[in-house]
RNA sequence: GCCCUCGUGGUGAAAUUGGUAGACACAAAGGACUUAAAAUCCUUGCCGCUUGCGGAGUGCCAGUUCGAGUCUGGCCGAGGGCACCA
């Protein structure tokens with residue numbers, strides 16, 4: 004019997020698909036479309052298991068939908084701008100472009116080994132001018148729409164490398180490369196006005212029915228809508244300043260007001276910029292680390308001014324004004340009123356500076372003379388000690404009433420606030436999309452004319468200079484626009500911009516003169532199923548939602564707002580971590596074990612290896628498995644089968660060597676089943692109803708499980724199929740329907756293991772092009788063997804197997820006759836009987 | 001601190017609207033076949049007693065229900081997100 008040679012088979016079919024352009028997609032308005040998209044990879048060098056899992060899921064879905072008769076779009080591209088290229092190029096003295104293009108070639112080859120059903124004719128790469136020229140066009144379009152602006156803002160500045168660092172490049176307050184203490188520096192930066200859509204981005208989450216709730220909640224919190232009131236506080240003690248505006252969500256606690264706190268960046272700080280004590284204080288504030296921990300533990304410090312703020316509801320109450328380190332400038336107005344009794348931060352601050360702590364809310368179960376203890380009380384209750392607000396229920400009534408009164412007295416206004424900040428898109432980097440802007444001699448912004456697009460990245464740059472390499476490109480920087488001397492913007496775009504519209508480009512990947520053709524996106528968009536890692540739950544997905552709205556704004560031709568109709572976030576691939584005696588990480592392939600308990604180095608079995616917990620595969624911990632090596636040993640179908648089995652796709656999965664080899668052996672077993680069937684094709688004679696039932700029911704289950712992404716259950720069904728068919732064939736139950744049903748089985752497993760399925764079908768002389776999902780014969784879906792559970796007082800005592808439906812009366816008669824059941828029922832009074840038709844009967848007795 | 005999710009055998013898990021808990025696999029043990037090995041197939045969740053049967057059982061404690069892994073409340077534990085957002 005011929006062994007299954009996955010290598011030959013997989014190569015053969017991959018060649019066939021390529022030569023025949025099997026997965027080429029084109030618009031067909033008579034056919035329902037399905038746009039399946041996985042998050043495109045960054046070409047870092049090689050694919051990793053995370054990619055394998057992501058693309059296996061997407062591929063199964065794409066192939067399934069194709070079988071179901073949809074016109075499927077399943078493209079792939081490269082998120083190819085970004086810092087790793089710049090760093091790698093610097094290290095190896097290469098050009099980022101060369102490095103990136105080489106990686107793309109390698110990874111493309113690896114993806115093809117997986118047998119993905121991708122339309123490679125639509126391949127795009129964001130670092131290619133063919134792509135970014137359109138992005139520059141979109142940038143200018145958004146500029147014209149007023150959604151792009153420039154303002155001064157703070158950045159993390161590395162004083163040694165003279166460059167801006169992203170937040171994740173700042174480690175313990177120091178630059179990741181130079182180790183220099185990072186400074187806050189004000190720079191002119193470009194922004195997208197994502198806040199223009201805050202309300203919409205929040206509300207429209209409600210319509211995204213096919214998104215995970217988790218992601219929607221994360222976005223909701225990120226947008227952070229809060230409802231409150233802006234209040235002007237009159238100020239005494241300075242000629243220059245008469246009032247300070249604050250934002251609060253708790254205007255009802257205004258009678259507990261005991262200080263007013265300002266951010267050190269508040270405009271009022273100008274009054275103190277020559278005050279040495281204030282300069283020292285500001286310095287002290289900036290030292291508070293940037294790490295989450297240090298912020299959480301930071302003590303609250305303040306700088307007392309000579310100013311007094313007046314309580315708008317009680318003009319006799321005058322309280323000190325402080326600058327305080329815990330007030331943020333970019334939320335609200337950079338000024339807050341302090342109510343220590345009912346806000347923990349204010350409480351901590353008041354304790355430190357011995358300010359009054361006046362209780363104005365009491366919990367419902369406390370007496371009128373309630374006083375807050377060692378911490379602020381922020382829960383619900385009733386207003387006290389607050390004159391005309393007393394007795395109001397906290398929070399809803401009290402807040403609404405307080406706002407009403409403030410508005411009536413012209414002291415404040417109802418206000419909604421969002422946490423979502425505008426998106427800073429300037430990066431002082433070389434390997435990114437140039438911003439198509441220049442400045443004239445008076446520093447005015449000048450758009451690069453459309454005819455001069457794309458603004459090409461210069462090929463030859465010195466990456467070893469400090470700061471942005473583009474700054475030193477003298478020739479490139481200077482240009483004339485309409486006869487005026489100008490200099491180019493040297494910042495490039497955040498790479499998140501590249502990935503905010505690539506799903507549109509796939510619809511018109513070859514369009515020369517525009518980013519996309521309206522007719523194409525009308526047909527293909529929105530993406531029906533988007534699949535990727537949960538790490539992009541907020542930024543990438545929110546930015547894409549913003550882009551879709553920004554592009555559609557004032558655009559009469561497309562009104563699309565949501566780019567992704569369905570979203571699926573898959574879990575990570577994990578593996579145990581290994582360390583040698585010197586505590587260095589060791590690759591799993593360099594480790595061996597005979598008993599599964601003690602581990603040693605392959606090269607030196609006397610050296611013990613300690614096993615750490617299983618964690619998400621990462622290069623730094625060396626707990627990675629190279630997909631290419633695994634595919635070469637076990638084949639793509641075995642890898643696909645394994646990576647989809649066992650764990651539900653949204654959860655993390657454990658890589659296991661025994662698991663992958665079991666999948667491999669399973670394919671071998673399935674193959675020999677196929678061989679047996681092939682040899683005995685002529686022997687089918689008897690009709691077998693059980694087979695018909697099994698097959699139709701399992702295909703139905705397949706559909707249901709595929710539709711709800713239960714791939715692990717689908718794989719379980721495949722195992723069941725094998726066991727069932729193998730049993731039948733060993734018993735020589737050659738039903739006339741055996742062959743037909745088996746062929747249908749080969750079709751439904753096709754999305755999961757396409758090479759294997761195609762090869763088996765071919766061997767049985769079946770067509771492999773345009774395979775259709777088999778129609779289910781409804782006659783066999785009806786369960787005709789009824790298992791009726793007999794319960795006594797809700798406890799299972801026996802199961803009756805019936806070949807046909809039975810009525811309650813007969814059933815009870817049978818039960819009473821049953822010798823096993825007799826002992827439970829005889830001489831007992833049946834108080835109640837619960838009967839679920841053909842399923843269950845429950846006797847309640849005493 | 002706030003928000004969200006999840007707790008089921010040795011392990012990954014299944015159970016779609018409350019109705020036979022543990023499908024399907026991994027590991028381990030035992031068995032069949034074999035001169036032997038590989039491969040393949042079968043059996044085994046736990047505790048009792050003699051095949052068979054009985055008991056407990058889905059993190060813990062209550063509740064609703066004829067019936068709860070599933071619903072409600074409280075507690076404990078794990079993971080994730082946000083983090084001085086006023």
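In the working numbering, the protein residues as written are 4 to 849. Glycine included, each C-beta is placed from N, C-alpha and C at the ideal position. These numbers come from a predicted model, not from an experiment.
Among the options, the one whose alpha carbon lies nearest that of residue i
i	options	result
residue 418	769, 250 and 56	250
residue 85	248, 432, 667 and 147	432
residue 740	709, 773 and 696	696
residue 748	723, 772 and 733	723
residue 372	379, 380, 381 and 362	362
residue 743	24, 692 and 705	692
residue 228	469, 203, 58 and 632	203
residue 325	334, 333, 349 and 316	349
residue 83	435, 451, 597 and 183	435
residue 614	602, 607 and 623	602
residue 102	586, 122, 822 and 45	45
residue 58	532, 664, 660 and 414	532
residue 766	745, 779 and 130	745
residue 439	11, 123, 446 and 456	456
residue 252	464, 230 and 242	230
residue 351	366, 382, 319 and 303	303
residue 570	60, 385, 764 and 279	60
residue 332	270, 550 and 638	270
residue 2	781, 642, 673 and 823	The chain is shown from 4 up to 849; residue 2 falls before or after that span and cannot be answered.
residue 498	7, 23 and 87	87
residue 482	27, 476 and 491	491
Delimiting residues of the beta strand (DSSP E) encompassing residue i
i	result
residue 510	No beta strand (DSSP E) holds residue 510; DSSP gives it neither H nor E.
residue 616	611 to 619
residue 580	576 to 582
residue 744	Unbroken run through residue 744 is the alpha helix (DSSP H), 741 to 751; no beta strand (DSSP E).
residue 309	305 to 314
residue 211	Premise fails: residue 211 is in no beta strand (DSSP E) and is neither H nor E.
Terminal residues of the alpha helix (DSSP H) in which residue i lies
i	result
residue 386	Element bounds for residue 386: not the alpha helix (DSSP H) but the beta strand (DSSP E), 384 to 386.
residue 821	Here residue 821 belongs to no alpha helix (DSSP H), and DSSP marks it neither H nor E.
residue 805	Premise fails: residue 805 lies in the beta strand (DSSP E), 798 to 805, not in any alpha helix (DSSP H).
residue 428	Note, residue 428: premise wrong, no alpha helix (DSSP H); not H, not E.
residue 166	Element bounds for residue 166: not the alpha helix (DSSP H) but the beta strand (DSSP E), 166 to 168.
residue 222	216 to 226
residue 61	52 to 70
Cut-off 7 Å between Cβ atoms - residues of its own chain near residue i, not counting five sequence neighbours on either side
i	result
residue 240	309, 310 and 311
residue 843	791, 792 and 794
residue 180	164
residue 530	38, 40, 506, 566, 567 and 568
Close Cβ partners of residue i (< 6 Å) along its chain, the five nearest in sequence each way excluded
i	result
residue 754	63, 66 and 67
residue 649	715
residue 921	Outside the shown range of the chain (4 to 849) lies residue 921, about which nothing can therefore be said.
residue 729	676
residue 237	246 and 313
residue 429	192, 193 and 494
residue 299	Annotation note: pLDDT 47 at residue 299 (below 50); position unreliable, no value reported.
residue 264	325, 327, 330, 339 and 341
residue 284	306
residue 449	441, 443, 484 and 489
Contact belief for residue i with residue j at Cβ below 8 Å, rounded distance in angstroms
i	j	result
residue 189	residue 155	5 Å
residue 76	residue 527	5 Å
residue 630	residue 234	The Cβ separation is near 59 Å, so there is no contact.
residue 535	residue 79	Incorrect: roughly 13 Å between the Cβ atoms, too far for contact.
residue 500	residue 138	7 Å
residue 493	residue 473	4 Å
Own chain residues within Cβ distance below 8 Å of residue i, not counting five before or after
i	result
residue 654	574
Worksheet item: For the 8 Å Cβ check, are there 3 or more pairs between the region 254 to 261 and the region 332 to 349?
Response: Counting Cβ pairs under 8 Å, three or more are found: they touch.
Worksheet item: Are three or more beta carbon pairs between the region 156 to 169 and the region 671 to 685 nearer than 8 Å?
Response: no
Discussion item. I want to know whether the region 130 to 147 touches the region 508 to 521 - three or more CB-CB distances under 8 Å.
Written reply: Touching, yes, given that three or more Cβ pairs across the two stretches are closer than 8 Å.
Fill in: Inter-stretch contact at 8 Å, needing at least 3 Cβ pairs: the region 795 to 809 / the region 751 to 767
no
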